[in-house]
Amino acid sequence: MRRVVVTGMGALTPLGNNVADFWNGLVNGESGAGPITKFDASKFKTRFACELKNFNPLDFIEKSEAKRYDMFTQYALIAAEQAIKNAAIDFEQLNRDRIGVIWGSGNGGIQTFQEQVTEFVKGDGTPRFSPFFIPKMIVDIASGIISIKYGLRGVNFTTVSACATSTSAIIEAFNYIKWNKADMVITGGSEAPITESAIGGFNAAKALSTNNENAATASRPFDVTRDGFVMGEGAGALVLEELEHAKRRNAPIIAEVVGGGAAADAYHLTGTHPEGEGAYLGMMAALEEAGIAPHQVDYLNTHATSTPLGDISELKAALRVFGANQNLSISATKSMTGHLLGAAGAVEAIASILSIVHNLIPPTINTTEIEPEYKDLFHFPLGKAVAKEVNYAMSNTFGFGGHIATVLFAKYRG
1003 MRRVVVTGMG
1013 ALTPLGNNVA
1023 DFWNGLVNGE
1033 SGAGPITKFD
1043 ASKFKTRFAC
1053 ELKNFNPLDF
1063 IEKSEAKRYD
1073 MFTQYALIAA
1083 EQAIKNAAID
1093 FEQLNRDRIG
1103 VIWGSGNGGI
1113 QTFQEQVTEF
1123 VKGDGTPRFS
1133 PFFIPKMIVD
1143 IASGIISIKY
1153 GLRGVNFTTV
1163 SACATSTSAI
1173 IEAFNYIKWN
1183 KADMVITGGS
1193 EAPITESAIG
1203 GFNAAKALST
1213 NNENAATASR
1223 PFDVTRDGFV
1233 MGEGAGALVL
1243 EELEHAKRRN
1253 APIIAEVVGG
1263 GAAADAYHLT
1273 GTHPEGEGAY
1283 LGMMAALEEA
1293 GIAPHQVDYL
1303 NTHATSTPLG
1313 DISELKAALR
1323 VFGANQNLSI
1333 SATKSMTGHL
1343 LGAAGAVEAI
1353 ASILSIVHNL
1363 IPPTINTTEI
1373 EPEYKDLFHF
1383 PLGKAVAKEV
1393 NYAMSNTFGF
1403 GGHIATVLFA
1413 KYRG
């Protein structure tokens, strides 16, 4: 079976606009949360989010591109370019027929959709839609634009599995390379959901934290006082590559992808299975593909969004997979980044890979009192990063509709 390695990474996150700054924010336990600045949120139940900081798309892309693309596509282009540079790729020297793009977004151009429909409703009924409306809005456009920009003619499509989306994309990229249908795939996900419609919609679903007076500490996974997730935005990009292909071009090999698991809760429209049935199946599938035992996993980057029921169901699933295991470090980086929806999996995959690279477990912040039934069963680094040998790191993501995606990374050892 062909081996698949990670040779490049790029990130736009509420903690930093590149991988190094993102990682620095994680290990220092920084919160990316603050008052919403993208629109007037004064009448909303939730008035804070994890926005990008000091970000101007024109620092990265041309003005003409910014005009044609919704923000989620802009984020995708920027993160993908970072990953491509990080991987030291010269496409002129490679077979672009064997290089593809598999990209994910849960909502696509939700800002574009909102703006165009709002303008129509305000008008006199005459349809004056932008010619860019549809291509800016559709969820698959980011993968298409990345492909067009670099002339990549291999596999090209978009995954949509709600908040499991970009982990699903990574697993698909892993599979296409493993099955000899591609030699390299640019993969990941992007999301730009800090809009009136998204905040209002998630408020109506009672999914968001309303702890407006304590925005910086509102995302508190596993804590007995958690009251919902904090919206985030951004993108994560990875270059996955067949091992021998990477070696031939002397690529920097960061880590290895060894397993992917996909499953379903088959339970509820928005809620996770109370016993974590799908999460259990996803984690077991990833372990089986990797050919390792549960006790060999050193770090689990949980989906843990800080919702009352979701966090518990994931801990139940982890207990079923790993047993009571103090050697397993568990943390929730959403406590710092917020929940990037369809981009969460890619950003958290990068966090998991960097835990392997640096032998360092990023913490969960804001959490002071873990659910008592679970607090002594695993190792929960709280508040600050913990040094530890990390040979295998697993990342979970779950989505509305019961979608489950788990990816497993390993230290590359040749």
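For the sequence shown, our numbering begins at 1003 and goes up steadily by one.
Glycine included, each C-beta is placed from N, C-alpha and C at the ideal position.
*Counting pairs of beta carbons, one from the region 1010-1017 and one from the region 1193-1203, are three or more of them closer than 8 Å?*
no
*Determine the closest residue to residue 1219 out of 1338, 1373, 1401 and 1410, with distance taken between C-alpha atoms.*
Taking the first residue of the sequence shown as 1, we reach residue 1219 at position 217. Here the closest residue by C-alpha is 1338.
*For residue 1238, I'd like the list of residues in its chain whose CB is within less than 7 Å of its CB, leaving aside the five on either flank, ordered along the chain.*
As a first step, residue 1238 is located in the sequence shown; it is residue number 236 there, counting from the start. Closer than 7 Å at Cβ, skipping near neighbours: 1013, 1081, 1168, 1190, 1191, 1345, 1348, 1349, 1351 and 1352.
*May I ask you to report which of helix, strand or coil DSSP gives residue 1234?*
Stepping through the sequence shown from its first residue, residue 1234 is reached at position 232. DSSP places residue 1234 in strand when its eight states are reduced to three.
*Reference residue 1047, options 1241, 1233 and 1151, closest by Cα*: The residue given as residue 1047 occupies position 45 in the sequence shown. Nearest option by C-alpha distance: 1233.
*Quick one: Cα of residue 1394 to Cα of residue 1406, how far?*
As a first step, residue 1394 must be located in the sequence shown, where it is residue number 392. As a first step, residue 1406 must be located in the sequence shown, where it is residue number 404. Taking the straight line joining both Cα atoms gives about 20 Å.
_Could you check whether the region 1088-1106 touches the region 1149-1163, counting it as contact only if at least three pairs of C-beta atoms, one from each stretch, sit closer than 8 Å?_
yes
*Is residue 1086 helix, strand or coil by DSSP?*
As a first step, residue 1086 is located in the sequence shown; it is residue number 84 there, counting from the start. Residue 1086 falls in the helix class under three-state DSSP.
*Examine the Cβ distances between the region 1055-1073 and the region 1087-1097 and report whether three or more of them are shorter than 8 Å.*
no
*Jot down the residue ranges of each uninterrupted beta strand (DSSP E) in the region 1325-1368, minimum 3 residues, whole runs only, in chain order.*
1327-1333
*Find the nearest neighbour of residue 1110 within the set 1277, 1408 and 1161, judged by alpha-carbon distance.*
Mapped onto the sequence shown, residue 1110 falls at position 108. For residue 1110, the nearest C-alpha among the options comes from 1161.
_Rounded C-alpha distance that separates residue 1035 from residue 1131_ = Position 33 of the sequence shown, counted from the first residue, corresponds to residue 1035. Position 129 of the sequence shown, counted from the first residue, corresponds to residue 1131. Those two C-alpha atoms are separated by around 34 Å.
*Measure the beta-carbon distance from residue 1265 to residue 1280 and round it to whole angstroms, keeping in mind my assumption that it falls under 8 Å.*
For the purposes of this step, residue 1265 is taken as residue 263 along the sequence shown, with counting starting at 1. For the purposes of this step, residue 1280 is taken as residue 278 along the sequence shown, with counting starting at 1. Correct: roughly 5 Å between the Cβ atoms.
*Using 8 Å as the threshold, is the region 1357-1370 in touch with the region 1123-1142, meaning 3 or more CB pairs across them?*
no
*Apart from the five residues just before and just after residue 1322, which ones in its own chain have a Cβ nearer than 6 Å to its Cβ?*
If you number the sequence shown from 1, residue 1322 lands on position 320. Result list for residue 1322: 1282, in chain order.
*Whole-number beta carbon distance between residue 1330 and residue 1302, since they are thought to touch under 8 Å*: Working through the sequence shown from its first residue, we reach residue 1302 at position 300. Working through the sequence shown from its first residue, we reach residue 1330 at position 328. Right, the Cβ-Cβ distance comes to about 6 Å (below 8 Å), so this counts as a contact.
*Residues in its own chain within less than 6 Å of residue 1334 by CB, not counting five upstream and five downstream?*
For the purposes of this step, residue 1334 is identified with residue 332 of the sequence shown, where counting begins at 1. The residues are 1223, 1304, 1306 and 1366.
*Kindly indicate which residue of 1009, 1375, 1373 and 1039 has the alpha-carbon position closest to the one of residue 1197.*
The residue you call residue 1197 lines up with position 195 of the sequence shown. Ranking the options by Cα distance to residue 1197, first place goes to 1039.
*What distance in whole Å lies between the Cβ atoms of residue 1410 and residue 1284, which are believed to be in contact at a cut-off of 8 Å?*
The residue labelled residue 1284 in the question sits at position 282 within the sequence shown. The residue labelled residue 1410 in the question sits at position 408 within the sequence shown. So it is not a contact: roughly 10 Å between Cβ atoms.
_Just to confirm my understanding: we take residue 1412, look at its own chain, exclude 5 residues before and 5 after, and list those with CB closer than 6 Å. What are they?_
Position 410 of the sequence shown, counted from the start, is the residue given in the question as residue 1412. Answer for residue 1412: 1258, 1260 and 1394, listed in chain order.
*Could you say which of 1255, 1397 and 1268 lies nearest to residue 1320 if we only look at CA atoms?*
As a working note, residue 1320 is residue 318 in the sequence shown. Residue 1320 has its Cα closest to that of 1397, out of 1255, 1397 and 1268.
*Between the CA atoms of residue 1178 and residue 1165 - distance to the nearest angstrom*: As a first step, residue 1165 must be located in the sequence shown, where it is residue number 163. As a first step, residue 1178 must be located in the sequence shown, where it is residue number 176. If I take the Cα positions, the gap works out to 22 Å.
_Minimum length 3: unbroken beta strand (DSSP E) runs contained in the region 1138-1174_ = 1158-1161
*Between which two residues does the beta strand (DSSP E) harbouring residue 1394 extend?*
In the sequence shown, residue 1394 corresponds to position 392, counting from 1. Segment 1394-1401, the beta strand (DSSP E) holding residue 1394.
_Within 8 Å, strictly: CB atoms of residue 1381 and residue 1332_ = Here residue 1381 is taken as the residue at index 379 of the sequence shown, counted from 1. Here residue 1332 is taken as the residue at index 330 of the sequence shown, counted from 1. In contact: residue 1381 and residue 1332 (Cβ atoms closer than 8 Å).
*Hey, how far is the Cα of residue 1313 from the Cα of residue 1356?*
For the purposes of this step, residue 1313 is taken as the residue at position 311 of the sequence shown. For the purposes of this step, residue 1356 is taken as the residue at position 354 of the sequence shown. About 23 Å.
*Looking at the structure shown, is residue 1073 part of a helix, part of a strand, or coil, going by DSSP?*
Here residue 1073 is taken as the residue at index 71 of the sequence shown, counted from 1. In this structure, residue 1073 counts as helix in the three-state DSSP scheme.
*With DSSP run on the structure shown, which of helix, strand or coil describes residue 1219?*
Mapped onto the sequence shown, residue 1219 falls at position 217. In this structure, residue 1219 counts as helix in the three-state DSSP scheme.
*Does the separation of the CB atoms of residue 1422 and residue 1343 fall below 8 Å?*
Because residue 1422 is not part of the residues shown, which for the chain are 1003 to 1416, the question remains open.
_Buried versus exposed, by CB contacts within 10 Å (16 or more), residue 1228_ = As a position in the sequence shown, residue 1228 is number 226, starting the count at 1. That one is buried.
*Report the partner residues of residue 1303 according to the DSSP bridge assignment.*
Counting from 1 along the sequence shown, the entry for residue 1303 is found at position 301. 1333 and 1397, per the DSSP bridge assignment.
*Can you tell me which of 1403, 1315, 1376 and 1297 puts its alpha carbon nearest to the alpha carbon of residue 1392?*
For the purposes of this step, residue 1392 is taken as the residue at position 390 of the sequence shown. Nearest of 1403, 1315, 1376 and 1297 to residue 1392, Cα basis: 1297.
*Three-state class that DSSP yields for residue 1062 in the structure shown*: The residue given as residue 1062 occupies position 60 in the sequence shown. Residue 1062 falls in the coil class under three-state DSSP.
*With DSSP as the reference, label residue 1375 as helix, strand or coil.*
For the purposes of this step, residue 1375 is taken as residue 373 along the sequence shown, with counting starting at 1. Reduced to three states, the DSSP call for residue 1375 is coil.
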